[in-house]
Structures are given as structure tokens and as C-alpha cells.
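Residue numbers (the numbering used here): 93 to 285.
Right, dumping it as C-alpha cells:
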């Protein structure tokens, strides 16, 4: 058994009614006390060692109720808001300098990768042209007359248009609760004609 302590810090005003509803479905005097059905000075003679109320407002719940409390507290908005960092001017300048250096490093790395891919693309194109001139049979076996591109940018734009880059709108279902099946593995986007 796990224990939960309901205070104003750990459960906000939206979470407390949901926890009470979840606790009502569990059994035992401790669960009824947590839900507010029994006064705090209620009979403790029938309570077992697993359901005793501890000091400091801690109440022991059964496992299913604890799972519900954990899920609801994970959905609570108060836990999702990160604390703001208190930065002085020096820290802010250091942060901006590091971020600019990181952006510059990533930009140089991406440019280097792009030039390497461009050289590879040109090399493949030249090899296919040589193969076309020397052996048309092998050229056809290697892929034949594929789409001719003037530049690497045309080829990459064609590849980018084939794959969707945004999450498809038809997969988004607006709900108030998380889905039972969070991902549809067999989904295929509609083909545009």
C-alpha cells in the first residue's frame, strides 16, 4: 500500500474533487475519511493496519486508488509549469553568448553536411551519366531514366514534398482526456491527386 498526503500544495482545487470521486469507489474507512464521508474522529476499531490514518494527514489507499491519484496529479497543471530562472545581467549575457555560439556551431555543421551531400549527389549524377554513355543496359538496370534535376535543391524539395512534415490534422482528435490508444501505427496519410 502507498500513502498519499492531500494538501493545498500537492493537489489543486480541480484535482481534489477528482481524487474524492476516485476514493469513493475504493473500500475502507480510510478511503471514506479521505472522501469526506466520515468525520476525522470516526471509529478506528474496524480499520486494519493497512488503512490507518497516520500523523500529518497521511492516509493509506489501496493500489487502484493510488494509481488514479498518481494519474490525476500527473495531469495537474501546477506540476507542468517550470520555475522561472532568476538571472542577473551577467548570467543573461553568458546565456546569450553560449546560445549564439551553439547556433553558430550548428549552422557550420549543417553547412558542412549540406556541401558533403551536394558533392555526393554530383558524384552519383556523373557516375550515372558515365554509365548511360558506356552501357545502356546497366544504366536501365540501375534505375534508368529517373527524374532529371538541375540542382540538388530540386531533388531535396521533391523528397520533402513526398513526406509530410506536419502532423496530419485528421489524426488530432480534440478531447479532454488522454486516449486509450495513444498512437495509430497503421495510419497512412491521404494521397493528394
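Glycine included, every Cβ here is placed at the ideal spot set by N, Cα and C.
(request) Give the DSSP-derived three-state secondary structure of residue 177 in the structure shown. (result) coil
(message) Given this structure, state the Cα-to-Cα distance separating residue 223 from residue 209, to the nearest angstrom.
(response) 21 Å
(message) Please identify the residue among 206, 234, 202 whose C-alpha is closest to the C-alpha of residue 217.
(response) 234
(message) Distance cutoff 8 Å, beta carbons only. Does residue 160 sit that close to anything in chain D?
(response) No chain D is present in this structure, which holds just one protein chain.
(message) Please report the straight-line C-alpha distance between residue 195 and residue 226, rounded to a whole angstrom.
(response) 46 Å
(message) Suppose the cutoff is 7 Å on Cβ atoms and the five residues either side in sequence are ignored; what does the same chain contact list for residue 187 look like?
(response) 179
(request) Taking the CB atoms as reference points, tell me whether residue 161 and residue 153 lie closer together than 8 Å. (result) yes
(request) With residue 233 as the anchor, note down where its alpha helix (DSSP H) starts and where it stops. (result) 228-233
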